[in-house]
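Peer 1: Below is one structure. I have some questions about it.
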């Protein structure tokens, strides 16, 4: 077993949400290769609407771990499962960040990516 972990091996999604008075959600995503910006925007809008604050807007900052690149010539089931796991974790992280912000708690949320089976 290697005693040192690789520095880039963080398998978690980090989300931060800040509320704005103007409607609309802006999203900043790092390492977005799977359309996470659209998913994060819809999740934040849904979380605000469910909390009765649909008239507000905000900004979502999302950091994700690197996912395998999609290669149409060589489809990989494990790569697809990994991308789905990252998307699910990002969805949870954004919803938790919005809820925490509305409660007045810390706005940074970290959700571990569950390994694909």
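In this note's numbering, the protein residues as written are 312 to 428. Cβ atoms here follow ideal geometry from the backbone N, Cα and C, with glycine treated the same way.
In the DSSP assignment, the beta strand (DSSP E) including residue 337 goes from what residue to what residue?
Peer 2: As a position in the chain shown, residue 337 is number 26, starting the count at 1. Start and end: 335 to 341.
Peer 1: Smallest Cα separation from residue 340: which of 361, 351, 424?
Peer 2: Counting from one through the chain shown, the residue named residue 340 turns up at place 29. When only C-alpha atoms are compared, the closest one is 351.
Peer 1: Tell me, please, which residues DSSP counts as bridged to residue 325.
Peer 2: For this step, residue 325 is matched to residue 14 along the chain shown. Looking at the DSSP assignment, residue 325 forms a beta bridge with 374, 421.
Peer 1: Whose C-beta lies closer than 6 Å to the C-beta of residue 413 among residues of the same chain, with five residues either side of it excluded?
Peer 2: Along the chain shown, one-based indexing puts residue 413 at 102. Hits under 6 Å: 362.
Peer 1: Where does residue 360 land, buried or exposed, given buried means 16+ other C-beta within 10 angstroms?
Peer 2: As a position in the chain shown, residue 360 is number 49, starting the count at 1. Per the 10 Å Cβ criterion, exposed.
Peer 1: By Cβ distance below 7 Å, which residues in the same chain neighbour residue 402 in space, the five residues on each side in sequence not counted?
Peer 2: Position 91 of the chain shown, counting from 1, holds the residue named residue 402. Hits under 7 Å: 350, 354.
Peer 1: Ignore the nearest five residues each way along the sequence and tell me which others in residue 312's own chain have a CB closer than 6 Å to its CB.
Peer 2: Taking the first residue of the chain shown as 1, we reach residue 312 at position 1. Low per-residue confidence applies at residue 312: pLDDT is 41, beneath 50, and the placement is therefore not dependable enough to give any value.
Peer 1: Which value, in whole angstroms, describes the spacing of the CA atoms of residue 411 and residue 391?
Peer 2: Here the question's residue 411 lines up with position 100 in the chain shown. Here the question's residue 391 lines up with position 80 in the chain shown. Going from the Cα of residue 411 to the Cα of residue 391 covers about 30 Å.
Peer 1: What span of residues does the alpha helix (DSSP H) with residue 348 cover, start to end?
Peer 2: Stepping through the chain shown from its first residue, residue 348 is reached at position 37. Its alpha helix (DSSP H) spans residues 347 to 361.
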